[in-house]
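Structure, as structure tokens:
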Amino acid sequence: MPRLACAALLSMALHAHAAHLRIAAPSDSQLSVLQQQLVLWQQRTGHTVEVVKLTNASGDVFVQYRTWLASKNREIDVYKFDSQWAGQLQAHLVHLRPYTQQHERMLPQVVAAWRGRGGALLGLPYTVGVPQLFYRRDLLEKYGRPVPRTWAELTDTARLIQQGERAAGRRGFWGYVFQGAVYEGLAANALEWVASSGGGRIVEDDGRISIGNPRAARALARAAGWVGAIAPRGVLGYKEDDARGVFQTGNAAFMRHWPAAWALLDGEAGSAVAGRTGIAPLPAGDGGQPAATLGGWGYVVSKHSPQRDAAAALAVFLSSEEAQRLSAARSLPPTYAALYDDADLARAAPLLPALKAALPTLVARPAAPTGRRYPEVSAEFQSAVHRVLEGRDDAAGAVEKLQRRLERVRGAGW
């Protein structure tokens, strides 16, 4: 049979069984990469995919997802999920282990965040969030200081630079900015302070509540000492864009943020810190190891989808090494260790080699062990931490009280 006729028959066969899928995703900066990946998959399979775009506000996206899944919505087949959501909505998600083994080649600590009760693989990650310490290279050179390796060094260096810059007339200059508002970003920051000081992960993998300990208290007390000293009191209302705004206008020496901020800091027109910024792993606490709260995104398949097999095939492709090569070229940290050593990707995304150094420091939020109760756990943690930062509660009493409150949330078991 002529080659063209064979190709035509193959195309007809593919389209005879073609599915039309819907994937829900936030309208964020990653959407263009997703659309590029979808073009490839549609060309290869004959399936079509419609993107259902939502707001870019993470909390609102989660509420909408939860509503759709609880109502057994059959219109959405695949959802783009934050890593912490899967365990909370496990009852509505397809277990993906039967569809692929590619997760076995991914970073194990990243895959662990997508496992639910009973070891079920609830989603397939396509990027990992690796929080970094952003710093002003020029100011460290000016004041003769190295990149801080501990929180104590950061505190001391931030104070020195702040004093020097203010003495030079920059009265609005600060040493350090971070995300201190009452929201999930504060939980991520505070987990880093506590875990890097040997104070545990709030709730451990075995379900044990661990926050009520002296090391956790000392970590929170140290952070409270930053507010009004090396960080503005306004940091208590900062989210990601607020912290970035202060740093990007040249008004801070250090900032904790996600890698996605790099493109804006170094490449956006009018950035006061373009060409002057460096990144490093977050500092360690006293006698501890650095800790970076694991973030990132992946894809899950709805149990209520009438096209589960095709939907699972889409999720597998979007998290594949091939697809992640496209997203990594846009500086989205991949979940495959091999891609961090790829010379071509390193030229396209110079941050990747630096991010590799921080991968061993990743610490997952306790979403997996606490499951559907994680929102309560996080809310209690955020509230307790914020009261300490405000100066309303002392740290030692706050962690003891939080321990008791989380024990009540847990009840007879998570």
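To convert, count from 1 in the sequence shown and add 279; that's this note's numbering. Yeah, the Cβ is synthetic: ideal placement off N, Cα and C, and Gly gets one too.
For residue i, the residue or residues it bridges with in DSSP
i	result
Gly577	Phe360 and Pro404
Leu300	Val328
Ile558	Phe413
Beta-carbon spacing of residue i, residue j below 8 angstroms
i	j	result
Leu368	Arg345	yes
Val373	Ala647	no
Ile488	Leu470	no
Leu624	Leu634	no
Val579	Thr379	no
Leu418	Leu400	no
Ala636	Leu618	no
Leu403	His382	yes
Leu593	Val328	yes
Gln314	Gly491	no
Val342	Ala304	no
Pro410	Thr649	no
His371	Ser581	yes
Residue i burial status per 10 Å Cβ neighbour count (16 or more: buried)
i	result
Gly408	buried
Gly516	exposed
Val664	buried
Ala287	Confidence at Ala287 is low in this model, with a pLDDT of 41, below 50, so its placement is unreliable and no value can be given for it.
Gln661	buried
Ala622	exposed
Val678	buried
Gly366	buried
Pro645	buried
Ala589	buried
Met291	Because the pLDDT at Met291 is just 41, under 50, the model does not fix this residue reliably, and the point stays unresolved.
Glu354	exposed
Gly448	exposed
Other residues of its chain near residue i: CB distance less than 6 angstroms, five sequence neighbours each side excluded
i	result
Ala540	Arg523
Leu293	Only weak support is given to the placement of Leu293: the predicted model assigns it a pLDDT of 46, under 50, and the value that follows is read from those uncertain coordinates. Gly325.
Ala675	Ala496
Arg494	Ser476, Gly477 and Gly478
Beta-carbon proximity list for residue i, same chain, < 8 angstroms, skipping 5 on both sides
i	result
Val318	none
Ser550	Gln527, Leu543 and Leu544
Leu412	Val426, Pro427, Leu433, Phe533, Met534, Arg535, Ile558, Ala559, Pro560, Leu561 and Pro562
Gln441	Phe452, Trp453, Gly454, Ile509 and Ala532
Own chain residues within Cβ distance below 7 angstroms of residue i, not counting five before or after
i	result
Gly670	Ala503
Arg684	Glu659
Val552	Arg415, Phe526, Gln527, Gly529 and Leu544
Leu603	Per the sequence presented here, residue 603 reads as Gln, with Leu not at that position. Only Tyr405, Pro613, Thr614, Tyr615 and Leu618 meet the Cβ criterion.
Mind the definition here: the stretch 456–476 touches the stretch 565–572 only if three or more C-beta pairs lie below 8 angstroms; say whether that holds. With the rule of 3 Cβ pairs closer than 8 angstroms, the stretch 456–476 counts as touching the stretch 565–572.
Is it a yes or a no for the stretch 503–519 touching the stretch 423–439, going by three-plus beta-carbon pairs under 8 angstroms? Touching, yes, given that three or more Cβ pairs across the two stretches are closer than 8 angstroms.
Taking contact to mean at least 3 C-beta pairs separated by less than 8 angstroms, is the stretch 547–561 in contact with the stretch 333–341? At 8 angstroms Cβ cutoff, the stretches do not touch.
Is the stretch 415–428 touching the stretch 454–472, taking contact as three or more C-beta pairs under 8 angstroms? Judged by pairs of C-beta atoms under 8 angstroms, the stretch 415–428 does not touch the stretch 454–472, as fewer than three such pairs exist.
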